[in-house]
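I have placed the structure first, in the form of structure tokens, so that the comments after it can refer back to it.
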Amino acid sequence: MNPTVRPQPGRSHDRGRLVVEDLSLERGNRKLLDEVCAIFEPGVVTAIVGPSGAGKTRLLRCLNRLDEPTGGRVLLDGVDHRSIDPRQLRRRVGMIFQLPAVFAGDVRANLSYGLNDPDEEELVVALDAAALPAHLLGQEASTLSVGQAQRMCIARALLRRPECLLLDEPTASLDRDATTAVEQLVASLAGQDLAVVMVTHDLAQAARTADRALLLVAGRVAAVGPADEIQARWPTESAS
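With this note's numbering as the guide, the letters of the sequence shown map in order to residues 3 to 242.
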């Protein structure tokens, strides 16, 4: 039996709980994910870690059906996510990519994209949560630094009040200072009413940012536990 992320006491019925049951993904004759089992709880930041090619991003993409698994299933609030309209699913399970997705227009337009006339105060609060100043609202989004743009994308995702937030190596293209800012933002999401799942090849980053870590090796779950304990026990598995 594969290791699984154990449910946290008192959270079994919370909004945003993702349960992964025997998930497999094959491409041709290659098995990219092999009967992965995991539970991602609301209020908990979980890091998916492991070496390059372990299947980390593939697993993340299966959680909101950007990739379709070939076996097993994913449950969102107890419902098979294949029965949920993909557009609705991706609104409930938001995703942040390695490179920030910046749209034409100013920061206000970027934050408001897809929302029904959001209140200005909501936008300011979202920027503040992302450690960005309110005066950026009127600035062209294309002029932001990469680090600012990534935090803006996280703020935009949170404005949609997702049940889960997925982050695929969100600091991969950032310098040290910008990486620290994004790590602090992700860590601040612990205890909030959403499940946060972040892919990283860096176990030290996982220990700084996440509550728990799931270690993937060759498409299988090798270990699950507190992120700092995973870092201490499997330090060589963080190599990219």
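Built from N, CA and C at the ideal position, the CB exists for glycine as well.
Beta-carbon spacing of VAL199, THR59 below 8 angstroms: no
Secondary structure of LEU117, DSSP reduced to three states: coil
Inter-residue Cα distance where the pair is ARG84 and GLN100: 25 angstroms
Integer Cβ distance of ALA157 from ALA131, believed to fall under 8 angstroms: 6 angstroms
Contact set for LEU27: own chain, Cβ-Cβ below 7 angstroms, skip 5 residues either direction: LEU34, LEU35, ARG60, CYS64, ASP69, PRO71 and THR72
Bridge-paired residues (DSSP) for VAL223: LEU218
Endpoints, beta strand (DSSP E) assigned at THR48: 47-51
Anticipated Cβ contact below 8 angstroms, PRO44 with ALA197, distance rounded: 5 angstroms
ALA183 beta carbon less than 8 angstroms from that of GLY149: yes
Between the CA atoms of LEU129 and ALA209 - distance to the nearest angstrom: 26 angstroms
Straight-line gap, THR211 to ILE98 (C-alpha atoms, nearest Å): 16 angstroms
Short Cβ contact (8 angstroms threshold) for GLY18 with CYS166: yes
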